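What follows is one structure encoded as structure tokens, with my remarks underneath.
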Amino acid sequence: MTDAPSLSDDLKRLEEIVRRLEDDTLDLDTALALFEEGVGRLKAAETRLNEAETRVRQVLDDSAAGSDALRFEPLDG
Amino acid sequence: MTMTEEAWSVSRLARAIKRSVEAEAAPIWVRGELTGVKRYPSGHWYFSLRDATAKVDCTLWRGAAAQLGTALADGMEVFALGCAGVWEERTALRFNVTQVLPAAAVGAQAQQVERIKQALLVDGLLDPGRKRRIPELAARIAVITSVAGAAVHDIITVARRRWPSVELLVVNSAVQGEGAAAELVAALGIISRLERLDCCIIGRGGGAREDLAAFNDEALCRAIAACHVPVISAIGHEVDVTLADLVADVRAATPSQAAEFALPDRREVVARVEVARVALHRSLRVFVSARRGRTERTRDRMVAALLDQVRGAERGLLGVASRLAPAISRVVDRRRARFTRLAAQLHALSPVAVLGRGYGLARDRSGKVLWHRADFRPGEPFTLTVADGSIAARVEER
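Chains as they are written, first to last, in my numbering: chain A, 5 to 81; chain B, 3 to 400.
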């Protein structure tokens with residue numbers, strides 16, 4: 005799990021970028037920067053969509069064992 | 003049809019009756035009073051259910067009878083779950099019971115549920131306005147259920163088909179029986195410590211009505227309401243709605259449906275990404291071409307403005323030029339007139355002019371003017387200038 009923006013964020017931002025690019029008052033540098041960002045987010049969205057395997061893990065509470073951590077164990081589906 | 007050749011055997015009739023009765027028989031709950039209760043050594047129970055006007059014979063087989071919480075007795079008011087069936091040997095209708103609940107217990111339980119519901123209502127926890135929306139594209143979902151049950155398997159299956167990039171975090175909990183409610187509450191506590199969670203599914207596979215008691219627990223309902231992410235309930239019981247269902251943000255009929263509510267269909271999202279891609283490229287093209295058009299229009303206007311300026315300057319220059327020559331002539335004329343005047347004045351003062359009046363000017367060889375008689379030395383040459391020129395002369399005597 006990374007802190008990268010979620011697919012949902014990517015898609016929302018993409019739709020916002022398209023809306024802003026349709027604004028005629030934008031200067032060219034901003035427009036190009038937005039476009040580049042849009043292309044990046046498209047790639048990220050596709051990468052996420054292509055993550056093939058659903059990860060299933062069981063959450064185990066270790067607080068009973070004196071630690072306040074949670075453990076994660078793969079759980080076969 | 004001839005009577006002798008086509009007549010049915012009795013057993014065929016019995017089977018036909020049995021089939022037609024049992025084909026339609028879905029389990030139903032029946033409320034009635036027990037009568038003629040008998041327990042056989044085999045472990046099976048036989049009794050009848052009756053109300054004021056009707057009576058139905060029932061059987062409770064040994065396996066189901068073992069689950070009974072209380073012994074059955076005549077006169078007891080009960081809820082019985084069963085299917086209509088036919089005892090073939092006598093073609094007698096039997097209600098084959100699988101569960102019996104004393105109505106008194108059910109009544110008390112129903113009253114308790116109603117009391118909790120009122121408390122939740124008063125506290126606003128059943129307010130439709132507080133229902134949260136499930137995030138559109140969930141990346142991380144918590145699932146609270148029994149890892150031994152079918153629900154977790156169903157959810158994983160739907161997730162893999164629908165939205166493979168999701169991460170499922172399963173928190174195991176008993177979902178029925180003593181202590182189940184407390185375990186479910188503890189599981190929600192674990193959920194509250196998970197980060198970046200999009201929503202939570204809490205539920206179980208299908209179960210009998212009294213197995214749902216944990217999901218009517220007040221503490222559980224309040225924990226669901228307090229959960230930091232939207233909760234989808236999937237109690238797995240189409241008919242009965244538990245209090246947990248009422249408090250949850252979304253109620254799903256089954257765990258599979260909960261997974262469908264929680265997760266988008268990958269194909270739809272792929273299509274949405276594709277739409278965004280097309281829109282992105284088109285919007286840049288539109289942007290550039292609009293900008294190009296505007297640049298061209300600006301350039302044209304600039305060139306036109308420049309030409310206007312040049313023409314203006316040209317016109318001004320021509321005007322100035324046309325005024326320049328007369329102005330210069332005037333200056334020259336004025337200078338010439340002044341010069342003429344000065345020349346005349348100069349001329350009037352010129353010694354030569356004096357000579358014109360008959361005077362002569364004597365100068366020695368060095369050009370020095372010989373003013374006095376003493377300046378002339380006998381035998382010395384000198385120059386005498388008169389009006390029309392000079393002559394060489396020599397002093398004879400003084």
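Here a beta-carbon is modelled for each residue, glycine too, at the ideal position from N, C-alpha and C.
Owing to the predicted nature of the structure, the values given are computational and were not obtained by experimental measurement.
Open item on the list: Quick check on the DSSP output: the beta strand (DSSP E) that includes F81 (chain B) runs from which residue to which?
Closed with: E79 to W89
Task: Amino acids of chain A, ordered along the chain, whose beta-carbon sits closer than 8 Å to that of L196 (chain B) - done: V63 and L74
Open item on the list: Using C-beta distances below 6 Å, list every residue in its chain close to A48 (chain A), excluding the 5 sequence neighbours before and after it, in chain order.
Closed with: D14
TODO: May I ask you to report which of helix, strand or coil DSSP gives S352 (chain B)?
DONE: Assignment of S352 (chain B) by DSSP, reduced to helix, strand and coil, places it in the coil class.
Open item on the list: Quick check: what's the CA-CA separation for L30 (chain A) versus S285 (chain B)?
Closed with: 12 Å
Open item on the list: Taking CB distances under 8 Å as the criterion, tell me whether E185 (chain B) reaches chain A.
Closed with: no
Open item on the list: The beta strand (DSSP E) that contains L171 (chain B), what's its start and end?
Closed with: E169 to N174
Open item on the list: Run through chain A and tell me which residues come within less than 9 Å of F263 (chain B), C-beta to C-beta.
Closed with: Going along chain A, no residue has its Cβ under 9 Å from F263 (chain B), so there is no contact; the nearest lies around 16 Å.
- [ ] Determine the closest residue to V12 (chain B) out of B:E91, B:I136, B:R198 and B:L62, with distance taken between C-alpha atoms.
- [x] B:E91
- [ ] Would you list the one or two residues that DSSP bridges to Q62 (chain A)?
- [x] A:E77 and B:V172
Task: Where the region 159-179 of chain B meets chain A: residues whose CB sits under 9 Å from a CB there - done: T159, A161, R162, W165, P166, S167, V168, E169, L170, L171, V172, V173 and N174
TODO: List the residues of chain B that G44 (chain A) touches, going by C-beta distances under 7 Å, in chain order.
DONE: Those do not exist, as G44 (chain A) stays about 11 Å from chain B at its closest Cβ, beyond 7 Å.
- [ ] Using beta-carbon positions only, say whether S175 (chain B) and S148 (chain B) come within less than 8 Å of one another.
- [x] yes
- [ ] Have a look at B:A82, B:M5 and B:G87 and flag the residue whose alpha-carbon is nearest the alpha-carbon of E26 (chain B).
- [x] Residue B:G87 is the option with its Cα nearest to E26 (chain B).
Open item on the list: Only counting the same chain, and skipping five residues up and downstream in sequence, which positions put a Cβ closer than 6 Å to that of L139 (chain B)?
Closed with: Apart from sequence neighbours up to five positions away, the residues of its chain that approach L139 (chain B) with a beta-carbon distance below 6 Å are P266, ordered along the chain.
TODO: Please specify which runs of the alpha helix (DSSP H), each continuous and at least 4 residues long, are wholly inside the region 174-222 of chain B, giving them in chain order.
DONE: 182-193
- [ ] For the region 212-224 of chain B and the region 106-118 of chain B, state whether three or more C-beta atom pairs, one from each stretch, are separated by less than 8 Å.
- [x] The region 212-224 of chain B makes contact with the region 106-118 of chain B, as at least three CB pairs between them are under 8 Å.
Task: Outcome for F341 (chain B) when other beta-carbon atoms lying within 10 angstroms are tallied against a minimum of 16 - done: Answer is exposed; the Cβ neighbour count stays below 16.
Open item on the list: Taking the alpha carbon of A389 (chain B) as the reference point, which residue from B:L282, B:L372 and B:G360 has its own alpha carbon closest?
Closed with: B:G360
TODO: Provide the residue(s) that pair with E1 (chain B) in DSSP beta bridges, ordered along the chain.
DONE: No answer is possible for residue 1 (chain B): it lies beyond the span of chain B, which begins at 3 and ends at 400.
Task: 8 Å contact criterion, which V160 (chain B) and S258 (chain B) should meet: CB distance rounded - done: 5 Å
Task: Ranges of the beta strand (DSSP E) found wholly within the region 121-176 of chain B, counting only runs of at least 3 - done: 142-147 and 169-174
Task: Closest Cα partner of A261 (chain B) within the set B:R52, B:S22 and B:C201 - done: B:C201
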